[in-house]
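Heads up: the sequence shown begins at 1 in UniProt numbering, then just goes up one per residue.
Input: a single structure, listed below in structure tokens.
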Amino acid sequence: MNDSAATLMQDVERVTQGALASGALQSIDTAYEHVTDAGQSFLLRTLSNLKRKEDAAQRLKKAGDTRRNPFKPYDEALYVRDLGDDHICLLNKFNVVDHHLLIVTREMESQQDKIKQRDFQALAQVMQEIDGLAFYNGGKIAGASQPHKHLQLIPLPMTACQELPFSDALNQLKPGHPNSRLELGFRHSGMQLPEGLFDDPSHAADALKNTYNQLREELEIKDDGLQTTSAYNLLITRKWMLMVPRTKESFEGVSFNSLAFVGALLVRSEEEAVRLKEHGLMKVLASVC
């Protein structure tokens, strides 16, 4: 049980220490470089330490194994706290970034389901306490490694750099209406969120759901009442929400999840990194949207 007087980040740090000691948390080491392409800065991560690359690749493969549900039952060593009656907060077992959190539905729901009011409520509870980048991989070709519904959050900053790679473009978003004309080379739609929105998680949940529906309508991401009929990536900070439609999972064997669309890419080898840079990172992202 978590101490009700502890902050969420204190709980995260406490559970992280225990999970590292027990081996339940299996962090993946990477080296990163900053790359400029098409007028934007990218953070390109590559699996590091040659002796451990094969092991890390196996961890990534295991993380994407959909034959078993890692959330039902979940690993108690990764449990952080309950988020209301319908969600729990877990550590991501195979994390690349420190304190990577998962916001998981307590009962099985599909990752292709629309994000519901109660999902946004759970997310808002986390974002009230932690300034982070939240994201949702809406469907397998959008990078969803597990079919059980889960949002994710990485505390900011991701690195010693205080800004996300595409922050200059994303900070141009305005409130009130979707914007699909940022200086980004891939299809997108985004909107600025009201300042102080996450001070009240219930109010934030309403606003997030409304913005989510507006962006889906702008990008013609329809649903059948329960599930969306096409894949997408969703990214949220305390400042803005961004949605990206997906048509392909990968480019020449390199898969991309939501983080790619704020300029944070992960590759398994130097060869993959070189190949993406030769093609142009922004063109690669455009090819999967």
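Glycine is no exception: its CB is placed at the ideal position from the N, C-alpha and C atoms.
With 16 as the cutoff for other CB atoms within 10 Å, does residue i come out buried or exposed?
| i | result |
| --- | --- |
| L234 | buried |
| A21 | exposed |
| K51 | With a pLDDT of 43 at K51, under the threshold of 50, the modelled position of this residue cannot be trusted, and the question is left open. |
| D119 | buried |
| A144 | buried |
| H177 | exposed |
| H34 | exposed |
| P245 | buried |
| T16 | buried |
| K93 | buried |
| L281 | buried |
| N210 | exposed |
| L285 | buried |
| Q121 | buried |
| S258 | buried |
| E272 | buried |
By DSSP's criteria, residue i is part of a beta bridge. Which residues make up the other side?
| i | result |
| --- | --- |
| R45 | Y32 and L266 |
| T7 | In DSSP, T7 forms no bridge with anything. |
| I88 | D82 and V104 |
| L193 | Answer by DSSP bridge pairing: none, since L193 is not bridged. |
| D113 | Q227 |
| L242 | G190 and L235 |
| A134 | L153 and I236 |
| N171 | Its beta-bridge partners do not exist; DSSP assigns none. |
| N179 | G190 |
| S202 | For S202, which the question treats as bridged, DSSP gives no partner whatsoever. |
| residue 295 | The requested residue 295 does not occur in the structure, where the chain is confined to residues 1 to 289. |
| F251 | V254 |
Considering only residues of the same chain and omitting the five flanking positions on each side of residue i, which have a CB-CB separation below 7 Å?
| i | result |
| --- | --- |
| G263 | Q40, S41, F42, L43, L164, P165 and F166 |
| S48 | D29, T30 and A31 |
| A19 | L25, A77, L78 and L91 |
| C289 | F186, R187, V244, P245, R246 and T247 |
| S180 | H188, S189 and E218 |
| T7 | E129 |
| residue 375 | With the chain running from 1 to 289 in the structure shown, residue 375 is simply not present. |
Keeping to the same chain, check which residues put their C-beta closer than 6 Å to that of residue i; ignore five residues upstream and five downstream.
| i | result |
| --- | --- |
| Q152 | L102 and F135 |
| H279 | none |
| L266 | R45 |
| Q214 | P178 |
So, at 8 Å on beta carbons, what are the nonlocal neighbours of residue i in its own chain, with the 5 sequence-adjacent residues on each side left out?
| i | result |
| --- | --- |
| S287 | K248 and F251 |
| H87 | I103, V104, T105, R106, R118, D119 and A122 |
| V126 | L8, L83, C89, L101, I103, G132, A134 and L153 |
(message) Could you check whether the segment 227-247 touches the segment 134-144, counting it as contact only if at least three pairs of C-beta atoms, one from each stretch, sit closer than 8 Å?
(response) Yes, since at least three Cβ pairs between the segment 227-247 and the segment 134-144 fall closer than 8 Å, the two stretches touch.
(message) Counting beta carbon pairs with one atom in the segment 184-202 and one in the segment 73-81, are three or more of them shorter than 8 Å?
(response) Counting Cβ pairs under 8 Å, fewer than three are found: no touch.
(request) Say whether the segment 89-109 touches the segment 140-152, bearing in mind that this needs 3 or more beta-carbon pairs closer than 8 Å, one atom from each stretch. (result) Contact between the segment 89-109 and the segment 140-152 is present, with at least three C-beta pairs closer than 8 Å.
(request) Mind listing, in chain order, the continuous beta strand (DSSP E) runs of no fewer than 3 residues lying wholly within the segment 206-239? (result) Listed in chain order, they are 232-236.
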